[in-house]
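Undergrad: Just passing along the structure, written as C-alpha cells.
In this note's numbering, the protein residues as written are 21 to 224.
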C-alpha cells in the first residue's frame with residue numbers, strides 16, 4: 021500500500037465520516053514522514069476532502085494534541101545535516117528558558133525547535149545530549165504518585181521518539197524494574213495512551 025492509499029484508509033473514516041479523531045493513527049503517519057511526504061499528504065487531503073488537514077485537526081483536537089499535530093503537519097523539519105554552532109547554543113538556551121529554568125513550560129517554543137531543526141542539529145543541542153537515564157527519570161517522575169505531569173510526559177515522549185527512545189526504555193527498565201510501555205499503559209487511558217504507546221515503540 022503506497023503513501024496515498026495509506027493516507028486515505030487511515031484518515032477517511034475519522035474525519036469524513038465524523039467518527040472522531042484517532043490521534044494515534046495521525047501521530048503514526050505524520051511523525052514518520054519526511055517533509056516532502058508531509059507536503060504530499062497535505063495536498064492529497066485537500067484534494068480528497070476539499071479542506072485542509074490542519075483545519076480538521078484543529079476542529080477535532082485540542083490543547084497539546086493539537087499543537088503537536090499542527091507542528092507535524094507543517095512539514096518544516098530541515099532534512100540537511102548543516103550545523104550552525106551559534107544556533108545550537110541559542111536553541112539550547114531557549115529550551116532551558118522555556119522549561120527547566122521556570123515553573124511550567126513553553127510548549128510552543130519546544131515544538132518550534134523540535135519539529136523544525138534537523139536531527140544532526142538536535143543531537144548537538146545541549147539539552148538533547150542528556151543521558152537517557154535522565155529522561156527515564158523525568159518520565160518516571162511525571163507519572164508516579166497521584167496525577168500525571170502531562171506537559172513533561174508528552175514533551176519528552178515526542179522529542180525523544182526518534183532520537184534515543186530505545187535507550188530510554190532500557191534505562192527505565194533498569195532503574196524502576198518495570199517497562200516504560202507498561203508504566204504508561206497503567207497510568208494513562210484512551211487516545212492519549214494510544215499516542216504515548218506508539219511513541220514508546222514497544223514493550224521490553
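Cβ coordinates follow ideal geometry from the N, Cα and C atoms, glycine included.
From the DSSP output, in three-state form, read off residue 225 for me.
TA: The structure shown does not extend to residue 225, since the chain spans only 21 to 224, so no value can be given for it.
Undergrad: Of all the options 210, 159, 54, 214, which has the alpha carbon lying nearest to the alpha carbon of residue 199?
TA: Taking only the C-alpha atoms, the option nearest residue 199 is 159.
Undergrad: Does the structure place the stretch 130-143 close enough to the stretch 103-116 that three or more beta carbon pairs sit under 8 Å?
TA: Segments in contact, yes.
Undergrad: So, are the CB atoms of residue 193 and residue 170 less than 9 Å apart?
TA: No.
Undergrad: Helix, strand or coil for residue 161, going by three-state DSSP, please let me know.
TA: Reduced to three states, the DSSP call for residue 161 is helix.
Undergrad: Roughly how many angstroms separate the alpha carbons of residue 184 and residue 88, rounded to a whole number?
TA: Their Cα atoms are separated by approximately 19 Å.
Undergrad: In three-state terms, what does DSSP make of residue 129?
TA: In this structure, residue 129 counts as helix in the three-state DSSP scheme.
Undergrad: Residue 201 and residue 222: beta carbons closer than 9 Å?
TA: Contact flag set, yes.
Undergrad: In the stretch 177-215, which residue ranges form an unbroken alpha helix (DSSP H) of at least 4 residues, counting only runs that do not cross its ends?
TA: Fully enclosed alpha helix (DSSP H) runs of 4 or longer: 185-196, 200-207.
Undergrad: State buried or exposed for residue 91, treating a residue as buried only when at least 16 other CB atoms are found within 10 Å of its CB.
TA: Buried.
Undergrad: For residue 79, is the classification buried or exposed, using 16 other Cβ atoms within 10 angstroms of its Cβ as the cut-off for buried?
TA: Exposed, since its Cβ has fewer than 16 Cβ neighbours within 10 Å.
Undergrad: Taking buried to mean at least 16 other C-beta atoms within 10 Å of its own C-beta, is residue 1 buried or exposed?
TA: Nothing can be reported for residue 1, as the shown portion of the chain is limited to 21 through 224.
Undergrad: What residue range is occupied by the uninterrupted alpha helix (DSSP H) comprising residue 59?
TA: 55-69 is the extent of the alpha helix (DSSP H) around residue 59.
Undergrad: The alpha helix (DSSP H) spanning residue 97 covers which residue range?
TA: Here residue 97 belongs to no alpha helix (DSSP H), and DSSP marks it neither H nor E.
Undergrad: Give the DSSP-derived three-state secondary structure of residue 88 in the structure shown.
TA: Helix at residue 88.
Undergrad: Between 190, 203, 218, 104, which has its C-alpha nearest residue 161's C-alpha?
TA: Measuring from the Cα of residue 161, the nearest candidate turns out to be 203.
Undergrad: Quick one: Cα of residue 156 to Cα of residue 70, how far?
TA: Using only the alpha carbons, I get a separation of about 43 Å.
Undergrad: Considering only the beta carbon of each residue, do residue 93 and residue 142 sit closer than 9 Å?
TA: Result no, Cβ atoms of residue 93 and residue 142 do not sit closer than 9 Å.
Undergrad: For residue 139, report the span of its alpha helix (DSSP H) as first-last.
TA: Residues 139-144.
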